[in-house]
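Just so we're aligned, residue 74 is where the sequence shown starts under the numbering used here, counting upward by one. First up is the structure itself, then whatever we jot down about it.
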Amino acid sequence: MNLERELADIVGDDHVLTDPSVTASYTTDWTGRFHADPGAVVRPGTTEQLAAVVRVCAAHGVAMVAQGGNTGLVGGSTPRVDEGLQVVLSTRRLTDLGEVDTVAREVTAGAGVPVSSVQRAAKAAGLRYGVDLASRDSATIGGTVATNAGGLRVVRHGTTRAQVRGLQYVLADGRVVDRLAAPPQDNAGLDLTGLLVGSEGTLAIVTAARLRLVPPETTAGEVTLIGCRDMTEALSLIPPRGVRAAEVMLASGLSLVRRVGGLAQPLEREHPVYLLLETDELPDLPDDIDAAVDPALWAYREQHTEAIATEAGARGTVVHKLDVSVPLERLGAFVDALAAATTPYDVFVFGHIAMGNLHVNVLGATDDEVDGRVLTLVAQHGGSIAAEHGIGIAKARWLPLTRSAAEIDLLRAVKAAFDPHGLLNPGVMLPG
Ligand code: 2HG
Ligand code: ZN
């Protein structure tokens with residue numbers, strides 16, 4: 074039987090999309106850098122429907138690209154040009170959100186639930202969800218599980234993996250594994266749930282997650298923006314305790330955000346580096362420091378991604394997003410070396426300083442040669458080429474820079490065990 078007809082028999086005609094004007098938002102990534110025409114976009118409404126869709130695609134030997142809110146920045150959830158016929162499997166209709174269990178401090182969320190909905194449900198029950206990110210209204214639980222998203226509170230609560238108590242997922246042959254009701258402690262065999270977090274849709278398709286919630290903060294917290302000489306000074310000003318968020322920006326990014334967002338100069342003077350702290354109490358700072366305290370100062374950090382996208386649009390180009398991390402003691406040297414590695418392009422650098430995680434945004438490149446230069450520099454500084462956004466297709470060819478041949482052999486063996494026919498997110502994560 075015809076593939077489209079079989080898919081429509083499972084999810085209904087309205088949820089198999091093929092018209093390019095309708096599928097465009099599913100087939101182009103957020104940066105506009107990655108796009109390919111899929112066979113179809115399928116939007117199952119339940120786990121059972123999704124499993125049936127997977128069985129049909131598997132029977133036809135058709136590849137499947139799982140997609141949540143499509144806010145990813147490495148081309149990990151859109152179809153790709155050189156992988157043949159692919160079906161985009163959108164999990165956005167899996168929006169069941171369970172009751173918050175205030176005793177276990179947990180909630181179960183469907184893969185399509187936006188992060189901000191989990192945050193609101195937790196808050197209404199007197200708790201919090203430990204992951205927060207600027208794309209909270211569009212990014213989904215499924216997508217953040219697939220990429221092991223970090224975000225703005227990672228220094229306080231860890232990455233998404235630390236919040237996931239259990240998962241429900243569909244295997245490449247359509248079988249459903251349900252570990253949503255896993256007990257709090259469970260050492261019966263390998264931690265498959267932990268393995269799936271961060272697997273970027275290459276091993277299975279996550280349909281729901283049991284999430285740990287954390288107690289509310291007991292105070293509102295203090296938001297301080299501090300002007301710094303360099304990265305080393307910024308690092309030295311992060312207090313040893315009570316840190317809820319520690320973010321860094323450079324002068325170029327701050328001035329772009331001010332220009333695009335029409336924001337005032339936040340401090341008395343301009344500085345090469347800015348540290349934004351959210352802390353339980355006001356931080357102890359040297360007397361001569363240039364700093365301001367105000368929750369509204371978050372805007373200077375949160376508006377970076379949008380401001381850079383606006384600037385790229387105005388220049389008729391796309392942004393190359395290089396989410397990397399280096400050991401804290403190498404951060405200063407790495408940032409100093411970036412200018413030479415990114416010549417002649419404009420580069421904006423910001424990120425989660427306490428984790429050594431920098432978002433290197435390069436503007437104006439027409440091929441990925443500059444990506445290779447930056448990622449090689451990362452490797453030379455003992456870092457990782459993917460800190461919190463995943464490898465996607467954007468960085469797959471550079472994985473050997475920071476993973477050994479033995480590790481890549483293991484990754485390939487794990488992939489083959491879960492997905493022997495290579496149908497789940499082909500081209501993502503592993504070099505070709
Ligand atoms: C952030 O920290 C996100 O704001 C996006 O991870 C980073 O736009 C980026 O490069
Ligand atoms: Zn980030």
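Think of the CB as a built atom: it goes at the ideal place given N, C-alpha and C, for glycine as much as any other residue. Since we're looking at a predicted model, the values are computed, not measured.
- Q241 and G389 have their C-alpha atoms some 42 Å from each other.
- For V501 and R252, the gap between their C-alpha atoms comes out near 25 Å.
- R248 and A222 have their C-alpha atoms some 26 Å from each other.
- Scanning the region 210-252 for uninterrupted beta strand (DSSP E) segments of 3 residues or longer gives 237-243 and 249-251, listed from N- to C-terminal end.
- Here the region 454-469 makes contact with the region 382-401; the two share three or more CB pairs at distances below 8 Å.
- Counting the other CB atoms within 10 Å of its CB gives T181 a total of 16 or more, which places it among the buried residues.
- Distance between T233 and V218, taken at the CA atoms: about 6 Å.
- With respect to R317, G294 sits close: the two C-beta atoms are nearer than 8 Å.
- For G424, the Cβ falls inside the 7 Å cut-off from some heavy atom of the ligand 2HG.
- With respect to the 8 Å criterion, G145 and G465 are classified as neighbours on the basis of their beta carbons.
- Annotation: the continuous alpha helix (DSSP H) that includes A324 extends over A324 to G334.
- In this model, L265 and A177 are separated by some 22 Å (Cα to Cα).
- H494 carries a coil assignment under DSSP once its states are collapsed to helix, strand and coil.
- Judged by pairs of C-beta atoms under 8 Å, the region 105-121 does not touch the region 252-262, as fewer than three such pairs exist.
- Cβ atoms of T164 and G215 come within 8 Å of each other, at about 5 Å.
- Within its own chain, the residues whose Cβ lies closer than 7 Å to the Cβ of E375, once the five positions on either side in sequence are excluded, are A207, listed in chain order.
- DSSP places P187 within a strand segment (E or B) once states are collapsed to three.
- The ligand ZN approaches H432 closely enough that one of its heavy atoms is under 7 Å from the residue's Cβ.
- Under the three-state reduction of DSSP, Q122 is assigned to helix.
- Ranked by Cα distance from W471, the options L503, A337, T416 and A412 are led by L503.
- For E461, the shortest C-beta to heavy atom distance toward the ligand 2HG is below 7 Å.
- Just so you know, the alpha carbons of V84 and P339 end up roughly 51 Å apart.
- Pairing L358 with I311 gives a Cβ-Cβ distance that is not under 8 Å.
- A184 is positioned such that its CB atom lies no closer than 8 Å to that of V126.
- In this structure, V138 and L158 do not form a Cβ contact; the two beta carbons are roughly 11 Å apart against a cut-off of 8 Å.
- In the three-state reduction of the DSSP assignment, H432 falls in the strand class.
- Not one heavy atom of the ligand ZN lies closer than 7 Å to the C-beta of G505.
- Judged by the Cβ position, G223 qualifies as a neighbour of the ligand ZN at the 7 Å threshold, a heavy atom of the ligand being closer than this.
- With 16 or more neighbouring CB atoms inside 10 Å of its own CB, V296 falls in the buried class.
- The ligand 2HG has no heavy atom closer than 7 Å to the beta-carbon of H393.
- The residue among S211, G148, V129 and A452 with its C-alpha nearest the C-alpha of N75 is V129.
- Look at I426 here: in three-state DSSP terms it is helix.
- G224 sits close to D205, with the two beta carbons spaced by under 8 Å.
- F107 sits in coil when the DSSP states are folded into three classes, being neither helix nor strand.
- By the 16-neighbour rule on beta-carbons within 10 angstroms, R476 is buried.
- Exclusion of the five residues before and after V435 leaves H393, T415, Y418, V420 and V443 as the residues of its chain whose Cβ lies within less than 6 Å of its Cβ.
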